[in-house]
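Going down the list, the protein sequences come from chains Y and C. First residue of the first sequence? That's 1 in full-length UniProt numbering, and the numbers climb one at a time after it. First residue of the second sequence? That's 1 in full-length UniProt numbering, and the numbers climb one at a time after it. We treat Cβ as the ideally placed atom computed from N, Cα and C, and that holds for glycine. As the structure is a computational prediction, the values presented were derived from the model and not from experiment. Take a look at the structure below.
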Amino acid sequence: MYLSPKNFPPKTQCTATYHFFITHSKEKKRKEKTLLKTQKNHRWTWITTFLSPKNSNRWKPTPTSTTTKNITSDLDLPEQDPPDSPPSTDPQINAQNKRPRSECTDSPFDDSELPSDEKRSRIVDVEEKEEEEDRHRYSPPPEVEQEEVRVVEEENILSRYAFQIDGECMPVTAPDGDRVYAKISRFETEERLKNLNFKTHSNGLILEPVNVLLEKLEQDAFTKALNSSSEGQSDTSLPEKQVVHEQLWVDKYSPNSFTELLSDEQTNREVLLWLKQWDSRVFGSEIRTTSDEVLSALKRHSSVVQHQKSNNSNLPRNNWGHKWSNGNFRHSNNSENEHSNSKGIQDLWNKKIRLSGPPEQKILLLCGPPGLGKTTLAHVAAKHCGYRVVEINASDDRSASNIETKILDVVQMNSVMADARPKCLVIDEIDGALGDGKGAVEVILKMVSDESKNDIGKDNIAKEEQSGKTSSKKRRKTTSLSRPVICICNDLYAPALRPLRQIAKVHIFIQPTVCRVVNRLKYICNKEGMKTSSIALTALAEYTECDIRSCLNTLQFLNKKKETLNVLEISSQVVGRKDMSRSAFDIWKEIFQKRKMKRPRKSSNSRGNTSDEFESLHALISYRGDHNTILDGIHENILQLQYHDPVMQKTVKCLDCLGVSDLMHQYVMRTQKMAVLVYQPSLAITVHRLVAQIQKANIEWPKSYQRYRTILMGKMDIFKSWHFKIPPYISRHLSTKSFVEELISPLLHILSPPTLRPVALHILSEKEKNDMAQLVRAMVAYCITYKNMRFDPLPNNLGHEVAQEASALSFDPPISDFVNFKGYLSGHYELSLAMKQVLVHEVEKQRIMQVSIGKSLHLTNGQKENHDLMGKGSSRAESTTIGHSAACVPDMRGDAKNVFNPRQCNPSTHTVVSTLDSSRSASTSMKLKFSGDKKKPSNGSANFFDRFRKLSGKDSQNTDAAVQKATVERDSLPLLFKFNEGFTNAVKRPVRMREFLL
Amino acid sequence: MLWVDKYRPKTLDQVIVHQDIALNLKKLVTEQDCPHLLFYGPSGSGKKTLIMALLRQVFGPGAEKVKVENRTWKIDAGSRTIDLELTTLSSANHVELSPSDVGFQDRYIVQEIIKEMAKNRPIDTKGKRGYKVLVLNEVDKLSREAQHSLRRTMEKYSTSCRLILCCNSSSKVIEAIRSRCLNVRINAPTEEQIVKVLEFIGKKEGLQLPSGFAARISEKSNRSLRRAILSFETCRVQQYPFTSNQAIPPMDWEEYVSEIASDIMKEQSPKRLFQVRGKLYELLTNCIPPEIVLKRLLYELLKRLDAELKHEICHWAAYYEHRMRLGQKAIFHLEAFVAKFMSIYKGFLITTFG
């Protein structure tokens with residue numbers, strides 16, 4: 001379209017141009033003013049091809065807009081903007097002037113859209129060859145071609161080929177590197193221009209001619225572009241003057257493309273591959289169309305375009321296509337696909353992508369020490385694959401509730417804003433704060449688990465994905481993971497990450513080689529004009545453990561101070577040492593193992609050596625911070641060391657140190673004076689000085705103390721629950737201490753008297769019977785009985801199992817454990833099995849009798865006890881029943897206590913159940929049903945007691961007891977059964993009570 | 001039930017061991033209003049027995065009708081609420097509890113629960129005593145804060161409530177509390193007293209006691225009456241017609257400590273120390289307090305030791321026990337003591353025998 005000068009309102013242009021200039025410095029503003037004056041007359045505009053997000057970089061001559069001009073055309077010439085009009089306007093320019101090229105990028109719109117790489121590509125010279133390449137690469141759809149032909153026929157204003165345009169032409173480069181030639185038409189102003197030229201010269205409004213000014217501007221813009229970009233390629237020329245930079249070098253020289261990454265090549269590639277595996281899910285079928293394009297482009301590409309850089313166009317798929325054709329991506333993941341590569345490989349690759357779904361592990365976990373470029377890698381790789389990176393780092397609010405919505409937003413929604421690239425979630429510093437990171441981890445875990453559940457619907461999701469926003473609403477309710485998520489952490493073994501570690505693909509960053517780092521540093525130093533030696537840089541890199549960030553910061557710092565880096569400076573305090581915590585094992589190793597003298601320089605000076613050692617150890621332990629664990633580890637391992645210690649003085653000293661550390665710890669805990677903790681490391685160092693050996697120590701994690709604590713807790717629990725059961729007139733006199741100290745051993749003796757003959761009860765003499773009665777009373781009073789410890793899996797064949805089953809009868813609660821020391825044989829007499837069984841039964845009987853006595857007769861003793869029990873029971877009903885359900889699992893029958901207590905404590909349940917009984921007898925159908933269920937266990941218990949009958953011969957009582965027990969046992973667990981008459985949809989089979997209770 | 005419980009005196013009149021104290025207490029509660037009381041003395045000396053007998057004296061047999069309650073208390077502590085679980089034994093007139101059970105939060109027990117209990121005046125029926133009694137066990141294990149918050153409660157509610165405190169060592173009870181109480185020291189019964197009790201039980205049980213047998217038991221009992229009676233019953237169970245030289249079954253843990261002691265005497269090396277550590281852990285896991293372990297270990301070691309070294313070893317035992325009480329990880333200090341002993345003993349052996 002042509003712009004007539006009349007139509008061009010100067011005002012609009014002014015604003016537009018102002019936009020362009022606003023970024024420049026003040027001195028330029030001066031120029032600008034003058035320039036504007038000239039421009040009023042000249043009326044030129046620049047063209048840029050505007051890329052709508054849909055079109056991407058494929059050339060489309062349809063609706064295009066210019067930056068500066070667009071406004072004007074909208075204002076004045078709406079009719080001149082038909083959809084099929086060729087995207088060109090005519091810059092009116094001084095005829096002899098060379099058109100400044102880069103201006104078009106300087107419009108505000110472009111600045112926001114275009115990455116810096118893009119700008120570099122502007123330098124491209126007008127070359128026939130390249131032109132051709134362009135044509136091939138952006139093989140346009142047929143109708144476009146037609147149009148183009150038409151255009152050519154009509155006017156030849158805009159073409160891909162310079163030769164098609166007669167007269168003067170100028171190349172126009174789209175943000176993505178597309179290049180067309182636009183005819184420069186001058187009309188009706190030849191002479192006026194001349195006049196103008198003349199005027200400018202004569203009037204002296206500006207000192208320099210416009211073209212000079214423009215060229216300057218171009219130069220400036222170019223410099224700026226270069227600065228803001230990374231250090232770029234080696235062949236880009238350095239800008240002459242240093243721009244004053246506010247930017248940190250770290251940001252300034254951070255890698256922008258995949259090739260520039262410093263991190264380990266292998267890791268880089270694997271990360272990229274992992275991201276690539278998402279393509280089918282994220283980009284869906286777009287792959288196919290691109291592949292064609294790529295192929296066609298590849299076919300025609302025989303040579304490498306040197307300066308062409310891929311850029312992030314709006315649609316990543318096409319971007320991908322770019323990469324194929326781009327020689328700069330030599331190191332990219334698919335570097336095997338060089339230009340020389342044939343179609344075959346390409347096909348294979350495409351197929352691979354198409355076939356493979358999203359990767360097996362949905363999460364990528366990058367871990368490694370700080371400063372190795374984890375975050376950078378994630379960003380670069382994601383960008384490379386055409387994602388928009390959304391980062392959640394420690395600075396964000398990461399509480400579980402907030403982060404969930406955030407993550408879901410990222411992972412499941414598409415942006416409707418300008419940037420429609422799919423997002424890639426990068427959760428940085430996920431291990432940072434335990435509580436915070438956990439929220440994120442949980443959300444991710446949830447999504448992954450959901451994902452695996454509805455894996456079937458994967459295809460659907462993928463399809464929907466591609467169909468876009470319209471359908472996305474439908475599946476928002478499922479929290480599936482449809483975007484790649486990269487987590488970054490420093491400590492892989494942080495407790496919060498434990499679950500994540502199992503499902504994620506973990507990459508551990510290793511330090512890049514020193515020379516690689518040094519090369520980069522050298523390069524940057526060169527660029528910044530800083531003088532360094534590679535020795536110093538190497539030392540720096542080694543010192544910071546290849547932490548490039550700290551290297552760069554150090555260098556910049558030194559540069560600011562106008563200092564040079566020398567080797568000595570590094571070891572002095574100028575350079576901050578990285579605060580890096582090591583694992584506890586490393587620290588123990590350091591403590592127990594003497595460092596070999598590495599450098600003769602150090603060993604020559606022994607004092608320096610020790611202070612050095614002291615400092616490094618001190619630093620190591622302080623950084624770790626967990627003094628308690630460290631000292632526990634020392635305690636655990638110190639006695640296993642082989643150190644020369646004839647009179648154990650070293651050992652005494654070490655243990656004294658440990659004791660002091662314990663005191664200190666306790667003091668700190670009590671008074672909360674954390675400052676005192678500073679002195680902890682020195683204790684460890686003392687130990688190091690005492691016992692460190694050259695040979696490697698076999699270090700174990702300190703477990704014994706923890707084990708001791710848990711066992712102690714368990715035993716305390718046993719004691720407490722038992723203590724609780726004992727009637728208060730005994731228990732109030734019994735503390736834990738007095739129990740273990742004085743009671744337990746005699747009690748065990750008393751409970752298993754060797755004088756008691758294992759014979760039937762009726763054979764016992766009167767005296768023996770008395771003893772027996774007393775024993776039983778003691779057992780009842782102390783709530784002790786025997787219990788079958790083993791859970792018998794086959795209760796059916798009782799007959800066979802009797803012997804083995806009963807052999808496991810032991811005290812319940814397991815009080816005998818309290819004297820069960822390792823390597824110690826207590827002289828406690830063990831009652832015979834038969835005796836135990838008799839006792840179980842007798843204890844039971846005694847209890848029942850006590851209850852009945854307590855109910856009917858109000859004997860002082862019995863009453864009191866019963867009262868106690870009742871009172872106790874009612875208040876504890878809850879706890880006891882809980883205890884029961886736990887206890888009855890192993891063996892209901894053997895457990896007399898079970899039977900006893902609930903009945904005791906809960907008389908109301910008893911009545912309830914008895915009413916239930918009566919109702920049951922009324923209903924025959926119910927009986928049928930329940931006889932299967934309930935009779936069996938009671939039969940079982942009858943059988944159980946039958947065994948005693950032969951033994952003890954107290955038939956009548958036994959059966960009584962058995963029946964009583966059976967009922968009690970049944971009643972002990974108040975269960976309500978609902979029976980729907982006449983309704984059955986299942987096979988009837990006998991079921992044990994136990995199975996209901998489980 | 002065991003003899004320990006069976007022959008426990010139920011009233012102040014039945015008391016055999018601390019008859020004078022019992023008489024005084026009786027006089028105290030019958031003649032005038034009972035002050036706050038602080039019973040202290042070693043375990044097994046009869047503090048609890050006396051307290052219960054006292055309560056019976058004050059409230060009559062109703063004091064024996066107690067119920068156990070395990071309640072969870074919700075306490076507002078500023079911004080948060082704390083759940084505390086506490087077991088109490090209570091009758092109509094008194095409540096027994098051990099506030100130290102809840103550990104470091106015992107302060108809240110004292111501030112909230114005890115105050116609450118103290119506030120509520122029991123309904124004065126039939127001209128009975130117009131106060132209730134709170135029995136607090138193990139006061140010496142209370143934290144400082146808890147003890148301090150107890151002071152005010154003791155004064156403020158003294159009209160409606162009496163506190164009976166019970167502990168092993170009065171030195172760990174703050175001065176302020178001690179001064180508010182009538183301190184009653186219950187010392188461990190002498191061996192003669194124990195013999196008397198044993199003979200009394202023997203008579204009641206209708207047993208033939210050979211001469212000197214009761215003395216032997218009481219000698220082995222460390223002046224703990226409970227232990228003496230238990231050993232007595234054990235002996236009775238194991239072999240009835242007593243013989244005067246009958247073996248009195250030892251405490252298992254003491255046997256174990258004695259094993260440790262002989263281990264230590266046999267060899268002094270880090271390796272042996274490691275084995276000893278395992279055994280010490282074994283004792284500690286079985287809820288045996290480390291102080292008792294150390295004490296017993298010292299006792300066993302002293303038995304086997306040259307007189308020359310005894311003093312020094314005692315010194316170090318006291319030193320490490322002190323540190324153990326200050327510290328948290330008892331095993332460190334126990335082990336340090338063993339190491340110290342090994343070092344001293346080994347040095348001694350080398351100098352003596354070359």
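- Task: Please report the residue range of the alpha helix (DSSP H) in which C515 of chain Y lies.
- Result: Within the first sequence, numbered from 1, the residue matching residue 515 of chain Y stands at position 515. Counting along the chain, the alpha helix (DSSP H) containing C515 of chain Y begins and ends at V514 to E528.
- Tell me whether residue 390 of chain C is buried or exposed, calling it buried when 16 or more other Cβ atoms sit within 10 Å of its Cβ. In this structure chain C extends from 1 to 354, so residue 390 of chain C is not present and cannot be described.
- Cα-Cα, which of Y:C515, Y:K560, Y:L677 and Y:A692 is closest to E542 of chain Y? Here residue 542 of chain Y is taken as the residue at index 542 of the first sequence, counted from 1. Looking at the Cα atoms, Y:C515 is the closest of the given residues.
- Query: Between the C-alpha atoms of V173 of chain C and V139 of chain C, what's the straight-line distance to the nearest angstrom?
  - Reply: Here residue 173 of chain C is taken as the residue at index 173 of the second sequence, counted from 1. Here residue 139 of chain C is taken as the residue at index 139 of the second sequence, counted from 1. Computed Cα separation, rounded: 7 angstroms.
- From Y:L748, Y:D817, Y:I548 and Y:K216, residue whose alpha carbon lies closest to that of residue 1000 of chain Y: Here chain Y has residues from 1 to 998 only, and residue 1000 of chain Y is not among them.
- Query: Cα separation between L365 of chain Y and R269 of chain Y?
  - Reply: Locating residue 365 of chain Y in the first sequence gives position 365, where the first residue counts as 1. Locating residue 269 of chain Y in the first sequence gives position 269, where the first residue counts as 1. Straight-line spacing of the CA atoms in L365 of chain Y and R269 of chain Y works out to 14 angstroms.
- C-alpha distance - K703 of chain Y paired with T629 of chain Y, whole-angstrom precision: As a working mapping, residue 703 of chain Y is identified with position 703 in the first sequence. As a working mapping, residue 629 of chain Y is identified with position 629 in the first sequence. Between the alpha carbons of K703 of chain Y and T629 of chain Y lies a distance of about 10 angstroms.
- Nearest-angstrom Cβ-Cβ length linking Q837 of chain Y and Q693 of chain Y, presumed shorter than 8 angstroms: Mapped onto the first sequence, residue 837 of chain Y falls at position 837. Mapped onto the first sequence, residue 693 of chain Y falls at position 693. Not really, about 59 angstroms apart at Cβ, beyond 8 angstroms.
- Message: Buried or exposed, going by whether 16 or more other CB atoms sit within 10 Å of the CB of P758 of chain Y?
- Response: One-based indexing of the first sequence puts residue 758 of chain Y at position 758. Its Cβ having fewer than 16 others within 10 Å, P758 of chain Y is exposed.
- Using the beta-carbon count (16 or more within 10 Å), is F900 of chain Y buried or exposed? Residue numbering aside, residue 900 of chain Y sits at position 900 when the first sequence is read from its first letter. Bear in mind that the predicted position of F900 of chain Y carries a pLDDT of just 39, short of 50, making it unreliable; the figure below should be weighed with that in mind. Classification of F900 of chain Y: buried, given that the 10 Å Cβ count is 16 or more.
- Task: Under 7 angstroms between beta-carbons, which chain Y residues line up against K340 of chain C? List them in chain order, please.
- Result: What you label residue 340 of chain C is simply residue 340 of the second sequence in a count that begins at 1. Chain Y residues near K340 of chain C: V652.
- Message: By alpha-carbon positions, which one of Y:L748, Y:L620 and Y:R520 ends up nearest to K252 of chain Y?
- Response: Along the first sequence, one-based indexing puts residue 252 of chain Y at 252. Measuring from the Cα of K252 of chain Y, the nearest candidate turns out to be Y:R520.
- Task: Compare the C-beta of L859 of chain Y with all C-beta atoms of chain C and state if any pair is closer than 8 angstroms.
- Result: For the purposes of this step, residue 859 of chain Y is taken as residue 859 along the first sequence, with counting starting at 1. Bear in mind that the predicted position of L859 of chain Y carries a pLDDT of just 42, short of 50, making it too unreliable to give a figure here.
- Item | Proximal residues, the region 244-261 of chain C versus chain Y, C-beta separation under 9 angstroms | P249, P250, M251, D252, W253, E254, E255, Y256 and E259
- Query: Going along chain Y in order, which residues have a C-beta closer than 8 angstroms to the C-beta of C161 of chain C?
  - Reply: For the purposes of this step, residue 161 of chain C is taken as residue 161 along the second sequence, with counting starting at 1. Those within 8 angstroms of C161 of chain C in chain Y number zero; the least Cβ separation is about 20 angstroms.
- Message: Looking at L37 of chain C: is its Cβ nearer than 8 angstroms to the Cβ of V184 of chain C?
- Response: Position 37 of the second sequence, counted from the start, is the residue given in the question as residue 37 of chain C. Position 184 of the second sequence, counted from the start, is the residue given in the question as residue 184 of chain C. In contact: L37 of chain C and V184 of chain C (Cβ atoms closer than 8 angstroms).
- Query: By the criterion of Cβ-Cβ separation under 8 angstroms, what are the contact partners of F719 of chain Y in chain C?
  - Reply: Here residue 719 of chain Y is taken as the residue at index 719 of the first sequence, counted from 1. Per Cβ cutoff of 8 angstroms: C287.
- C-beta atoms of L283 of chain C and F821 of chain Y nearer than 8 angstroms: As a position in the second sequence, residue 283 of chain C is number 283, starting the count at 1. As a position in the first sequence, residue 821 of chain Y is number 821, starting the count at 1. Cβ atoms of L283 of chain C and F821 of chain Y: closer than 8 angstroms.
- Please list, in chain order, all residues of the same chain as K180 of chain C whose beta carbon is under 8 angstroms from its beta carbon, the five residues on each side excluded. Position 180 of the second sequence, counted from the start, is the residue given in the question as residue 180 of chain C. It should be pointed out that residue 180 of chain C corresponds to Arg in this sequence rather than to Lys. Excluding sequence neighbours, R180 of chain C sits near H36, R151, M154 and E155.
- Do you know how far the Cα of P753 of chain Y is from the Cα of L833 of chain Y? In the first sequence, residue 833 of chain Y corresponds to position 833, counting from 1. In the first sequence, residue 753 of chain Y corresponds to position 753, counting from 1. About 13 angstroms.
- State the Cα-Cα distance for the pair V448 of chain Y and K119 of chain C, rounded to the nearest angstrom. As a working mapping, residue 448 of chain Y is identified with position 448 in the first sequence. As a working mapping, residue 119 of chain C is identified with position 119 in the second sequence. Rounded to whole angstroms, V448 of chain Y to K119 of chain C spans 58 angstroms at the Cα level.
- Query: Okay, do the region 676-696 of chain Y and the region 610-620 of chain Y touch, 3+ Cβ pairs below 8 angstroms being the bar?
  - Reply: yes
- Along chain Y, which residues have their Cβ under 9 angstroms away from the Cβ of S45 of chain C? For the purposes of this step, residue 45 of chain C is taken as residue 45 along the second sequence, with counting starting at 1. Those within 9 angstroms of S45 of chain C in chain Y number zero; the least Cβ separation is about 11 angstroms.
- Thinking just about the alpha-carbon of each residue, which of Y:M530, Y:A536, Y:Q361 and Y:A697 is nearest to the one in P484 of chain Y? Walking along the first sequence from the start, residue 484 of chain Y turns up at place 484. Cα-wise, what sits closest to P484 of chain Y is Y:Q361.
- Under 7 angstroms from any heavy atom of the ligand NAP, does the C-beta of R421 of chain Y make it? For the structure depicted, the ligand NAP is absent and the ligand set is empty, with no information on it obtainable.
- Message: Using 8 angstroms as the threshold, is the C-beta distance between L248 of chain Y and Q672 of chain Y below it?
- Response: Position 248 of the first sequence, counted from the first residue, corresponds to residue 248 of chain Y. Position 672 of the first sequence, counted from the first residue, corresponds to residue 672 of chain Y. In this structure, Q672 of chain Y does not lie closer than 8 angstroms to L248 of chain Y by Cβ.
- Query: Quick one: complete beta strand (DSSP E) runs, 3+ long, within the region 740-797 of chain Y?
  - Reply: 785-788
- On the three-pair Cβ rule with 8 angstroms, is the region 257-267 of chain C touching the region 294-306 of chain C? Three or more pairs of CB atoms, one per stretch, sit closer than 8 angstroms, so the region 257-267 of chain C contacts the region 294-306 of chain C.
- Message: Less than 8 angstroms between CB atoms is the rule here; does K329 of chain C satisfy it with respect to chain Y?
- Response: Along the second sequence, one-based indexing puts residue 329 of chain C at 329. With 8 angstroms as the cut-off, K329 of chain C counts as an interface residue toward chain Y.
- Can you have a look at D662 of chain Y and say buried or exposed, based on whether 16 or more other CB atoms are within 10 angstroms of its CB? The residue you call residue 662 of chain Y lines up with position 662 of the first sequence. Flag for D662 of chain Y reads buried.
- Item | 7 angstroms CB neighbourhood of H333 of chain C in its chain, flanking five on each side removed | Within the second sequence, residue 333 of chain C is the residue found at index 333, counting from 1. Hits under 7 angstroms: Y320, R323, M324 and G327.
- Message: Contact criterion: CB-CB distance below 8 angstroms. Does F332 of chain C meet it with respect to chain Y?
- Response: Counting from 1 along the second sequence, the entry for residue 332 of chain C is found at position 332. So, interface residue.
- Message: Here's a check: name, in chain order, each residue in its chain whose Cβ is nearer than 8 angstroms to the Cβ of V676 of chain Y, leaving out the five neighbours to either side.
- Response: Counting from one through the first sequence, the residue named residue 676 of chain Y turns up at place 676. Excluding residues within five positions, the ones whose Cβ falls inside 8 angstroms are M664, Y667 and V668.
- Is there at least one Cβ from chain C nearer than 8 angstroms to L831 of chain Y's Cβ? Locating residue 831 of chain Y in the first sequence gives position 831, counting from the first residue. Interface residue (Cβ-Cβ distance to chain C less than 8 angstroms): L831 of chain Y is not classified as such.
- Message: Restricting to runs no shorter than 4 residues, where is the alpha helix (DSSP H) found entirely within the region 176-229 of chain C?
- Response: 191-205 and 213-220
- Would you mind telling me which residues of chain Y sit closer than 7 angstroms to E300 of chain C, beta carbon to beta carbon, in chain order? Residue mapping note: residue 300 of chain C aligns to position 300 of the second sequence, counting from 1. Ordered by position in chain Y, no residue passes the 7 angstroms Cβ test against E300 of chain C, which lies about 14 angstroms from the chain.
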